[in-house]
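First up is the structure itself, then whatever we jot down about it.
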Amino acid sequence: MKIAQRLAGKASRLLALVAAPLACLAAALPAAAADTVNVYSIWPENWARPMFQEFEKATGIKVNFVRFSSGEALARVIAEKNNPRVDVLFGGPVETHAAGIKEGIFEPYKPPSFAKLPARFKHPEGQWVAIADDPLVFMTNAKFLKENNLQPPASWNDLLHPAYKNMLQMADARTSGTAVTRIFSVLEVNGRDEAKAFEYMKKLRPNIQLYTKSGGGGTLPVGLGQAGGGIFFIVDALDTKAKGYDVVISFPKEGIGTAAEAIALIKGAKNPELGRKLIDWASSPAMQNTLAKHKINFLPAHPDVAVEPGLAAVIKDAKIFPIDADYAGANRKRMVERWIAEVLNP
Amino acid sequence: MASVAPAAGPARGLAWARQDPALTATVLVLWLLLGLFVVFPLAMLTARVFWDGGHFSVAGIGAILTDRHQVQAFWNSLLLATLVGLLGTLVGFVFAFTVARGGLPRWVVTAVDGAVLLPLISPPFTTAIAMVFSFGPRGLITYELLGLKGVTVYGMTSTLFSEALTYFPIAYLALRPILAAIDSNIEGMAMSLGASRMRVFRTVTLPLCIPGLANSFLLLFAASLADFATPLILAGNAFPVLPTQAFLQITGMFDLRGGAVLSLVLLVPAVAVFVLQRYWVSQRFYVTVTGKGAGQQPFESVAPWVRWALVGACLAVTIVIVYLYALLLYASLVMAFGANHAFTLGHYGVIFTEGFKAIRDTLVIAGFSMPLGGLYGVLLGYLVVRKAFPGRRTMEVVSMVNYALPGTIVGIAYLIAFNDPPVELAGTALVIVACYVFRYGPTGIRTTIALLQQIDRSLEEASQSLGAASGTTFRRVTLPLILPAFFAGLGVVFIRSMTAISATIFLVSISWTLITVKILENMTELSLGPAAAFSVLVIVIVFVVIGAISRGLRFFRAPGSEPVTSLLGG
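Dropping the structure here:
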């Protein structure tokens with residue numbers, strides 16, 4: 000029993016040792032500063048961070064942000080509706096924002112650039128405005144093409160080639176805005192004939208190795224050659240190439256869709272004035288002129304900002320069409336459900 | 000104490016409370032905490048499932064339960080969890096048995112401990128990613144080494160492999176103290192009575208381990224049922240499982256109700272296994288640590304060839320683990336894995352500048368969760384096994400709920416419950432700490448229960464009959480005996496606080512973020528370097544902390560007692 004006593008004595012001493020620093024930590028919890036705007040960013044951190052640093056340089060306002068994929072960010076803003084924790088939802092394909100309007104989570108705001116933006120880059124009531132444009136591309140692994148004696152795919156039908164069997168990765172429409180843009184691209188090139196479009200997607204299904212959770216999820220496997228190719232946003236594809244992976248970017252001759260990237264003010268935001276300043280800045284040339292400097296390959300939404308020459312060269316001969324926001328908004332849920340039922344789980 | 004004459008009926012139920020005020024207070028506090036952090040969020044979530052616009056509705060449930068793909072996902076989940084439970088327990092037992100009875104040199108045991116810990120102290124999807132690199136169509140092993148083409152890495156086999164590899168250390172940690180606590184004199188006696196080694200193993204050692212085996216199967220089954228990250232990366236589209244479906248339903252389809260329904264369905268098998276295990280285990284009697292001292296030299300309990308086979312099996316598993324993690328380390332030190340293999344420390348630069356907040360937040364949260372979770376586990380496990388008070392079975396079941404529930408649903412439940420008044424905790428560190436304590440503390444509870452079932456009650460009864468209060472008896476008698484379980488619980492809570500993601504991905508906020516969330520994010524952003532560097536950092540931190548506490552624990556060693564050589568295994 001002596002042993003037990005000694006052990007117990009030492010145990011309580013150890014617990015005291017553990018408890019003391021914890022108490023100190025508890026006293027030192029951080030508090031939010033007054034000149035800080037809180038943001039959920041859908042843009043990945045390595046693109047959002049330089050932008051927010053530029054913003055701080057220009058205005059002195061700090062940006063406190065967390066990154067979530069579009070679905071998660073939206074689910075969060077909805078869950079926090081009665082008690083919003085952030086002021087601005089930054090980036091993400093516009094379908095995300097369109098879905099949010101129905102939930103009543105945004106505060107309409109028209110920044111100074113509003114009048115200058117083309118119609119497809121703004122919500123008529125200012126529920127959101129676009130800060131960039133992001134076309135889809137085909138991206139294939141160069142070594143894979145060579146081994147299979149293939150040319151880079153130049154038509155949607157090229158992807159049906161048996162050499163791609165079980166070798167394509169692209170995003171899952173349940174989570175990814177990229178996938179939704181892709182489905183609407185297929186619909187557009189088939190003249191919105193749903194039967195034909197879904198016929199194509201079903202024929203493509205055997206070639207799909209994996210539907211990934213996020214839009215860029217397949218880029219690394221394609222870069223590594225684990226997958227032969229896929230359909231991605233240009234910003235992800237060019238980033239893969241810039242990292243040194245031997246990939247080829249190509250466009251289908253029938254055309255491919257592009258999605259606007261939007262920003263919106265959250266209803267009930269705790270710092271609405273700072274939030275508006277961020278929207279003013281992001282929707283203006285002030286931000287979009289710095290995209291090229293940071294090698295972020297979004298196309299600017301503001302008409303006064305020139306496309307970076309390297310990026311312009313990539314898309315020079317490509318046939319790119321915008322996804323009609325009204326059509327996509329009205330049919331999004333139904334198309335995704337149909338995709339799950341007929342394509343994902345045939 | 001008995002100054003008030005006990006009346007019949009309700010007062011009889013309160014008699015226990017008057018006899019032991021310390022016990023009463025502890026039980027009440029525990030119930031309060033369980034109510035707030037287990038029952039309340041779940042109730043809020045259930046309300047969200049069944050209340051549709053102010054009235055009761057089962058439409059949401061019906062739609063999902065009649066969907067043939069969701070039903071398929073349900074069976075897939077059960078199959079996967081069962082296989083992970085069996086395979087993981089088997090591997091864990093082989094390791095624990097080899098370490099406890101193999102007569103290995105100390106340094107080998109330390110090395111094995113180190114390697115076995117790797118999967119536990121890194122986020123689960125890190126092995127999954129290393130698997131993709133190794134076994135895909137261009138995998139380092141399948142393509143570069145074996146020259147196979149057209150191999151598919153996505154599916155049940157690789158998910159099972161990855162999950163078993165990730166979770167078997169839990170079985171090892173749960174079984175090792177139990178094997179260590181089995182007095183090898185009993186085996187020695189059986190042998191001197193003429194039984195063969197095999198017979199001793201089959202009729203003495205193995206039956207004594209059954210509570211531990213059942214316990215470990217339960218833990219692994221629950222862990223697999225809760226894991227969404229591994230299937231998210233490895234299961235592919237042909238083998239959907241429920242936790243991943245629930246996660247996608249919530250994060251992607253913005254369908255909180257649908258996700259909640261899917262997860263609530265998972266609760267059914269989790270509870271079923273739990274009840275089965277309790278019933279089965281409670282039929283057996285396992286006292287090997289008694290008041291009557293024993294402490295002779297361990298005897299040779301395995302034949303040499305068995306010993307070598309066991310060591311060989313452990314070595315093979317260890318090599319696989321080391322290989323997968325070497326790959327991870329390599330990825331953290333090159334510019335871009337697979338494209339540019341020039342050496343760089345740049346990724347570490349990135350995580351210590353841009354990622355510094357995540358590192359600090361994670362350490363603070365883990366620092367809080369560890370002692371609280373360890374204490375909670377031992378306390379609750381002890382009360383449930385040793386004390387009689389109303390609702391103690393219920394308490395045990397309730398305490399397991401957050402562990403058994405998929406993390407996704409715990410996270411969403413916390414988000415719904417704690418976002419608004421009356422209990423507004425969302426965005427604070429407390430909500431993450433609470434989540435870890437009540438989600439991973441049960442590891443300590445289960446280990447404590449399994450260990451206590453081996454310790455003769457008479458030790459405590461002796462203390463109490465000599466006049467010690469239950470608090471004193473716990474502190475001076477029981478606590479030292481269950482210290483191994485306490486430290487196992489402590490270790491698991493700390494490790495999980497550093498590595499878990501499924502629940503807390505919903506609880507990170509603008510003020511508090513976590514390394515694991517950063518890792519998953521980086522992986523989907525093509526930033527494999529920083530993701531790998533973060534993972535390596537987590538592993539190093541956990542090793543250092545566990546090692547430091549292990550060292551500090553040396554002063555627990557007293558003459559005649561089992562040396563506490565390793566924090567986790569000891």
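Residue numbers (numbering that gives the first Met the number 0), protein chains in the order written: chain A, 0 to 345; chain B, 0 to 569. In this text, a Cβ means the ideal position worked out from N, Cα and C, and glycines have one as well.
- Contact annotation, GLY84 of chain B with GLY154 of chain B: C-beta distance approximately 19 Å; criterion of less than 8 Å not satisfied.
- In this structure the region 224-232 of chain B touches the region 160-173 of chain B; the number of beta carbon pairs closer than 8 Å is three or more.
- By the Cβ criterion, the region 265-278 of chain A is in contact with the region 81-92 of chain A, since at least three pairs of Cβ atoms, one from each stretch, lie closer than 8 Å.
- The beta-carbon of SER56 of chain B is placed no less than 8 Å from the nearest beta-carbon of chain A.
- In the structure shown, HIS160 of chain A adopts coil according to DSSP, grouped into three states.
- The secondary-structure analysis by DSSP pairs SER40 of chain A across a beta bridge with A:ARG66, A:PHE89.
- By the CB criterion at 8 Å, LEU218 of chain B and PRO242 of chain B fall outside the cutoff.
- At a cut-off of 8 Å between beta-carbon atoms, ASP419 of chain B makes contact with chain A.
- For PRO206 of chain B, there is no enclosing beta strand (DSSP E); the enclosing alpha helix (DSSP H) has its first and last residue at 205-225.
- For the options A:VAL136, A:PHE183, A:ILE255, A:ALA241, the alpha carbon positioned closest to that of GLY228 of chain A is the one of A:VAL136.
- With its beta carbon less than 8 Å from one in chain B, GLN208 of chain A belongs to the interface.
- Contact with chain A is absent for ASN214 of chain B, since none of that chain's Cβ atoms lies less than 8 Å from the residue's Cβ.
- Note on geometry: alpha-carbon atoms of TRP74 of chain B and LEU224 of chain B lie some 11 Å from one another.
- Secondary structure at GLY256 of chain A: strand, using DSSP grouped into helix, strand and coil.
- Going by DSSP, PHE320 of chain A is part of the beta strand (DSSP E) stretching over 319-321.
- Annotation: the continuous beta strand (DSSP E) that includes ASP132 of chain A extends over 128-140.
- Assignment of LEU174 of chain B by DSSP, reduced to helix, strand and coil, places it in the helix class.
- Remark: C-beta atoms of ALA499 of chain B and THR515 of chain B approach each other more closely than 8 Å.
- Contacts with chain B at 8 Å (Cβ-Cβ) do not include THR139 of chain A.
- In the DSSP assignment, MET190 of chain B forms no beta bridge with any residue.
- The beta carbon of SER508 of chain B sits closer than 8 Å to some beta carbon of chain A.
- Residue pairing from DSSP places MET169 of chain A in a beta bridge opposite A:TYR210.
- Interface residue (Cβ-Cβ distance to chain A less than 8 Å): ARG137 of chain B is classified as such.
- If the five residues before and after THR180 of chain A are omitted, its C-beta is found closer than 7 Å to the C-beta atoms of PRO92, LEU135, GLY256, ALA258, ILE322, all from its own chain and listed in chain order.
- For the region 115-144 of chain A, there are no residues whose beta carbon sits under 7 Å from a beta carbon of chain B.
- In the DSSP assignment, ILE265 of chain A is bridged to A:PHE105.
- Shortest Cα-Cα distance from SER69 of chain A to any of A:ALA261, A:ALA153, A:PHE250 involves A:ALA261.
- Going by DSSP, ASN401 of chain B is part of the alpha helix (DSSP H) stretching over 391-403.
- Taking C-beta atoms under 8 Å as the contact rule, THR81 of chain B and PHE167 of chain B fail to qualify, at a distance of about 15 Å.
- Cβ contact annotation for GLY193 of chain B (same chain, cutoff 8 Å, sequence separation greater than five): none.
- Where GLY490 of chain B is concerned, there is no enclosing beta strand (DSSP E), although the alpha helix (DSSP H) around it starts and stops at 478-498.
- Judged by their CB atoms, CYS208 of chain B and LEU178 of chain B are nearer to each other than the 8 Å cut-off.
- VAL76 of chain A and PRO110 of chain A have their C-alpha atoms some 22 Å from each other.
- Contact fails between the region 240-253 of chain A and the region 113-127 of chain A, because fewer than three Cβ pairs, one in each stretch, are under 8 Å apart.
- By alpha-carbon distance to LYS294 of chain A, the top candidate from A:ASN37, A:TRP46, A:LYS142 is A:TRP46.
- Under the three-state reduction of DSSP output, TRP50 of chain B falls in the strand class.
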